[in-house]
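Below: the structure, in C-alpha cells.
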Amino acid sequence: FLLATGGTVLAANGPLVYGQVLDDQSGRPLADARVELWNSDQPSSAPGSITRTDAEGSYQISLPVADAILRITAPGYNEAFRSVAATKHKVRRIADARLSRRYESPPFDFRVGTRLELVPAEVELQVPPGAFADQVTFFATRLSDQALPASLPLGWSPIWSFELQATTGKLNTPLRLRLQSLLKSGYLVAVFDPAAQEWLHLEGIETEEPDSGLVFDLAKLGVVVLLKPDPPPHTPLVPENGAVVSGVKPA
6 FLLATGGTVL AANGPLVYGQ VLDDQSGRPL ADARVELWNS DQPSSAPGSI
56 TRTDAEGSYQ ISLPVADAIL RITAPGYNEA FRSVAATKHK VRRIADARLS
106 RRYESPPFDF RVGTRLELVP AEVELQVPPG AFADQVTFFA TRLSDQALPA
156 SLPLGWSPIW SFELQATTGK LNTPLRLRLQ SLLKSGYLVA VFDPAAQEWL
206 HLEGIETEEP DSGLVFDLAK LGVVVLLKPD PPPHTPLVPE NGAVVSGVKP
256 A
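Below, the structure is given as C-alpha cells:
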C-alpha cells in the first residue's frame with residue numbers, strides 16, 4: 006500500500022493512544038512493528054508521526070485534534086489499519102492489531118501464469134499470462150476474522166478472506182477469482198480500498214464455462230472477502246457494483 010508524500014503533516018502533541026500488535030497465528034507480541042499516524046481526511050499525505058512496537062508488541066502515539074488513521078505493518082505480514090476518532094480523553098486504548106504472516110505461493114513463470122486453489126472445491130484464483138511484467142514472488146494469505154485490515158460495517162460477517170500480494174504491486178491485467186457456485190441471496194464479494202478506508206462491492210459475472218459459477222476481476226492486489234449478511238431485522242442492503250459496503254445503524 007503506497008501513499009504519495011507531501012500534504013499536511015499531523016501534529017503529534019494531542020491525546021495519547023496505545024495498543025498492541027500480535028502475530029495472528031501464535032498470539033505472540035510482534036516487536037518492531039511500524040505504526041504510522043495518518044490524517045483521515047488526507048490519506049495521501051505523509052504520516053504525521055511514526056513509532057515502533059516494543060518487545061511486548063506495545064506502542065503509544067500522540068493524536069492530533071482531527072480524526073486519524075493508524076497504519077500498522079511488519080515485514081512478511083499483512084498490514085492493518087485502525088480508525089481513531091478525535092477524543093477529549095487524555096489516554097485511550099486502541100483495539101489490538103493481529104497480523105498474519107504472508108503465505109508464499111508455489112513459484113510460477115510470469116509469462117505463463119498460474120491457478121491457485123484458495124478454498125478447495127470452492128474458490129480458485131487465476132493469474133493470467135503477463136499479469137506481471139517480470140518474475141515475482143506471489144503471496145495468497147488466508148486471513149482470520151481478527152486479521153482483516155479494517156473493521157467490517159455492522160451487519161456483515163466474513164465467510165473467507167484473502168490478502169493477495171506480490172513483490173511488485175502493479176498488475177498489467179486483472180487477476181480472476183472464480184467461485185464454483187453462485188452466491189447465496191444477500192451474500193457479496195468485497196475488496197478493501199486502503200486509500201479510501203472502505204470496503205467496495207465487487208460484482209461477479211456468470212460465464213458459460215463448465216462448473217464456473219461466478220468470476221470476479223481483481224484490478225488491484227489487496228484483500229478480498231466473501232461477506233454474509235446478518236439475519237433480519239439487522240440485514241444490511243447490498244450496494245451497487247463498485248459502491249461502498251454500508252452497514253446497519255447500531256441498536
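Using the working numbering, read the sequence shown as starting at 6 and increasing by one per residue.
For every residue, glycine included, the Cβ atom is placed at its ideal position computed from N, Cα and C.
Count Cβ pairs between the region 126-145 and the region 84-104 that sit closer than 8 Å; are there 3 or more?
In short, these stretches do not touch, since the Cβ pair count stays below three.
Residue range of the beta strand (DSSP E) that Phe143 falls in?
Note, Phe143: beta strand (DSSP E), Phe143 to Arg147.
Give a yes or no on contact between the region 178-187 and the region 240-254, applying the rule of three or more CB pairs nearer than 8 Å.
No contact exists between the region 178-187 and the region 240-254.
Paired residues, beta bridge with Ser63 - DSSP:
According to DSSP, residue pairing for Ser63 in a beta bridge involves Gln25.
What are the boundary residues of the beta strand (DSSP E) that includes Gln131?
It spans Val128 to Val132 - the beta strand (DSSP E) in which Gln131 sits, taken as one unbroken run.
Please say whether Phe86 and Arg97 have beta carbons closer to each other than 9 Å?
no
Residue range of the unbroken beta strand (DSSP E) whose run includes His206
Glu203 to Leu207
Based on Cα-Cα distance, which residue from Pro163, Leu205, Pro154 and Glu109 lies nearest to Gly275?
Nothing about residue 275 can be reported from this structure: the residues present for the chain run from 6 to 256 only.
Quick check on Gln170: does DSSP put it in helix, strand or coil?
strand
Please list the terminal residues of the continuous beta strand (DSSP E) segment that includes Ser1.
With the chain covering 6 to 256 only, the question about residue 1 has no answer from this structure.
In chain order, which beta strand (DSSP E) runs of at least 3 residues are fully inside the region 65-139?
Correct list: 73-78, 85-89, 96-98, 102-104, 119-124 and 128-132.
For Leu193, does the count of other Cβ atoms within 10 angstroms reach 16, so buried, or fall short, so exposed?
buried
Specify whether the region 153-162 and the region 116-129 touch according to this definition: at least 3 beta carbon pairs, one from each stretch, less than 8 Å apart.
no
Considering just the uninterrupted stretch of the beta strand (DSSP E) at Gly227, what are its terminal residues?
DSSP places Gly227 inside the beta strand (DSSP E), whose first and last residues are Gly227 to Pro234.
C-beta atoms of Lys225 and Val243 nearer than 9 Å:
no
For Lys95 and Ala126, what's the separation of their Cα atoms in angstroms?
Cα to Cα, Lys95 sits roughly 51 Å from Ala126.
In angstroms, rounded to a whole number, what distance separates the CA positions of Ser105 and Leu35?
11 Å
Are the Cβ atoms of Ile164 and Val228 separated by less than 9 Å?
no
In chain order, what residues of the same chain have a beta carbon less than 7 Å from the beta carbon of Gln257, not counting five sequence neighbours either side?
This structure does not reach residue 257, given that the chain is present from 6 up to 256, and the question cannot be answered.
In the DSSP assignment, find the unbroken beta strand (DSSP E) run with Glu41 in it and report its ends.
Arg39 to Asn44
Return the residue from the list Ala71, Phe221, Asp59 and Ala136 that minimises the CA-CA distance to Gly53.
Ala71
Are there 16 or more other CB atoms within 10 angstroms of the CB of Asn44, so buried, or fewer, so exposed?
buried
Taking 9 Å as the threshold (C-beta atoms), are Val220 and Arg2 in contact?
Only positions 6 to 256 of the chain appear in the structure, and residue 2 is not among them; the question remains open.
Measure the CB-CB distance between Val26 and Thr58 and report whether it falls below 9 Å.
yes
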